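**Q** These protein sequence lines map, in sequence, to chains D and V. For the first sequence, our numbering begins at 677 and goes up steadily by one. For the second sequence, our numbering begins at 241 and goes up steadily by one.
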Amino acid sequence: MRYIIPLVILGILVFFLSKGLEQDPYRIPSPLINKPVPDFVAADLITTHPPLTKKLFLNRHWSLLVVWSSWCKTCAAEQVFLLTLKQNADLRIYGLNYRDDLARAKAYLKHQGNPFHQIIFDPSGLLAIDLGVYGVPENFLIDPQGIIRYKYIGPLNKAIWDKEFIVQMNIPLNKALISPLDKIKKITRKSSL
Amino acid sequence: MMIITFSAYLIKHLLRLGWFLIFSSCFFSALAFSTTHEIYSFASRQEKIQFQQIIQELRCLVCQNQNLADSNAPLAQDLRRIIYQRIKKGESSSNIKNYLVSRYGEFILFKPAFSRLTYGLWLSPFILLLAIVIKLLVGMRGFEPPAPNSRS
Chain D
677 MRYIIPLVIL GILVFFLSKG LEQDPYRIPS PLINKPVPDF VAADLITTHP
727 PLTKKLFLNR HWSLLVVWSS WCKTCAAEQV FLLTLKQNAD LRIYGLNYRD
777 DLARAKAYLK HQGNPFHQII FDPSGLLAID LGVYGVPENF LIDPQGIIRY
827 KYIGPLNKAI WDKEFIVQMN IPLNKALISP LDKIKKITRK SSL
Chain V
241 MMIITFSAYL IKHLLRLGWF LIFSSCFFSA LAFSTTHEIY SFASRQEKIQ
291 FQQIIQELRC LVCQNQNLAD SNAPLAQDLR RIIYQRIKKG ESSSNIKNYL
341 VSRYGEFILF KPAFSRLTYG LWLSPFILLL AIVIKLLVGM RGFEPPAPNS
391 RS
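#1: Measure the beta-carbon distance from V/GLY345 to D/PRO707 and round it to whole angstroms, keeping in mind my assumption that it falls under 8 angstroms.
#2: Can you pull out the residues from the region 831-848 of chain D whose beta carbon lies closer than 8 angstroms to at least one beta carbon of chain V?
#3: Let's test the definition: count the other Cβ atoms within 10 Å of the Cβ of D/GLY687 and tell me whether it reaches 16, buried, or not, exposed.
#4: I'd like to check one pair, D/GLY801 with D/GLN755: are the Cβ atoms closer than 8 angstroms?
#5: The beta strand (DSSP E) spanning D/ARG825 covers which residue range?
#6: Taking 8 angstroms as the CB-CB limit, is V/LEU377 close to chain D?
#7: For D/ARG768, write down the residues that DSSP places opposite it in a beta bridge.
#8: Find the nearest neighbour of D/GLY808 within the set V/GLU287, V/ARG285, V/ARG256 and V/TYR339, judged by alpha-carbon distance.
#9: Under 8 angstroms between C-beta atoms, does D/ASP776 make it to chain V?
#10: Quick one: which chain V residues come within Cβ less than 7 angstroms of D/ASP715?
#11: Taking 8 angstroms as the threshold (C-beta atoms), are D/VAL743 and D/VAL843 in contact?
#12: Straight-line CA distance for D/PRO848 to V/LYS375?
#13: Put D/PRO820 into one of helix, strand or coil per three-state DSSP.
#14: What in chain V is Cβ-close to D/PRO701, meaning under 8 angstroms?
#15: Determine, using beta carbons only, whether V/ARG381 comes closer than 8 angstroms to chain D.
#16: Using a Cβ-Cβ cut-off of less than 9 angstroms, give me the residues of the region 803-827 of chain D that come near chain V, in sequence order.
#17: Interface residues of chain D around V/LEU301 at Cβ under 7 angstroms?
#18: Can you look up D/TYR679 in the DSSP assignment and give me helix, strand or coil?
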């Protein structure tokens with residue numbers, strides 16, 4: 677009995693400490709998961725035409741929103757994967773250019789290739805705060821109704837895509853393709869609760 | 241002669257004092273401790289205090305053990321700017337904090353709110369105190385004070 681109580685306390689301590697070791701403090705779960713993309717009005721990086729809004733994500737596609745910068749080294753590695761993803765996967769890839777210089781961002785795309793359907797230009801970084809971004813690259817998976825389903829912090833690669841993103845897309849996407857539009861709304865309303 | 245030696249002594253010590261002041265002003269001045277903050281102007285003292293309070297209570301997410309007031313990371317600068325803009329619009333502190341929690345999660349608060357997720361964190365010191373008190377009380381039961389008239 678004398679030894680059991682300290683042992684139990686030690687066990688509890690070790691349990692919590694080892695749990696803490698496994699967690700990466702920089703991978704904080706986003707409170708925006710299963711919430712709609714916040715409203716925004718932002719400039720387009722490529723054209724000077726009408727500003728981009730949330731409507732970008734309200735199409736019949738799943739969207740991947742990638743937060744990137746020309747000054748971000750790991751973004752370049754991710755870019756290679758995004759280019760292959762663009763050809764293979766049935767989704768639209770959008771970029772959010774974060775705290776960058778217009779000319780440098782364009783030069784970067786010329787050099788690295790452009791996997792993005794459209795790019796939101798956010799030189800001040802204020803729109804990114806609305807999305808809870810705190811570094812580059814960050815990747816948001818957005819469903820056809822404009823609801824954020826998954827977020828991955830750090831550069832994407834094939835392994836992570838297959839493991840985390842495809843699973844997310846499979847379940848509601850099939851339903852969304854088969855059922856008529858009003859039914860889709862019902863499903864998302866249920867799943868967002 | 242006396243006057244000369246005295247004045248030399250005085251000058252020497254004044255010089256020493258001067259050096260001391262120069263050095264100390266370098267190392268202990270407000271400049272040495274200040275982070276290079278952007279300069280924000282406020283309409284009232286109250287707004288300024290509100291701003292200072294908020295940035296002290298929020299975590300810089302890139303440099304996680306610093307608050308927004310101490311950090312000079314780009315994200316911390318942006319967050320300060322957003323807080324400033326919202327104060328200018330007349331928003332309350334709790335409103336601003338709620339907004340940032342809705343974007344970054346409870347983690348941004350250095351003092352997390354008492355909720356379903358955090359009650360263990362907040363109550364653990366009191367539970368520990370209670371456990372110690374119970375342990376002490378149980379231990380005291382076995383202890384009997386000596387009877388006043390008995391000789392041992």
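Each residue gets a CB set at the ideal place from its N, CA and C atoms; glycine is no exception. Only a predicted model underlies this, so the values are computations on that prediction, with no experimental measurement involved.
**A** Taking the geometry as given:
#1: With 8 angstroms as the limit, V/GLY345 and D/PRO707 qualify as a contact, their Cβ atoms being about 5 angstroms apart.
#2: Here the close residues number zero.
#3: The residue in question, D/GLY687, is exposed, as its Cβ has fewer than 16 Cβ neighbours within 10 Å.
#4: No, the Cβ-Cβ distance between D/GLN755 and D/GLY801 is not below 8 angstroms.
#5: Where D/ARG825 is concerned, the enclosing beta strand (DSSP E) stretches over 824-829.
#6: V/LEU377 does not count as touching chain D.
#7: Partner(s): D/SER739.
#8: Here the closest residue by C-alpha is V/TYR339.
#9: So no, D/ASP776 is outside the interface.
#10: Correct list: empty, because the minimum Cβ distance to chain V is about 13 angstroms.
#11: Against a cut-off of 8 angstroms, the Cβ pair of D/VAL743 and D/VAL843 comes out as no contact.
#12: Because D/PRO848 carries a pLDDT of 49, less than 50, the predicted location of this residue cannot be relied on, and the following value inherits that uncertainty. Taking the straight line from one Cα to the other gives about 55 angstroms.
#13: Coil, per DSSP.
#14: Neighbours of D/PRO701 in chain V, taken as residues at a C-beta separation under 8 angstroms, are given in chain order as GLN304.
#15: No - not a single Cβ of chain D is within 8 angstroms of the one on V/ARG381.
#16: Hits within the stretch, in order: ALA804, ILE805, ASP806, LEU807, GLY808, VAL809, TYR810 and GLY811.
#17: Near V/LEU301 (Cβ distances below 7 angstroms), the residues of chain D are TYR810.
#18: Here D/TYR679 sits in coil by DSSP.
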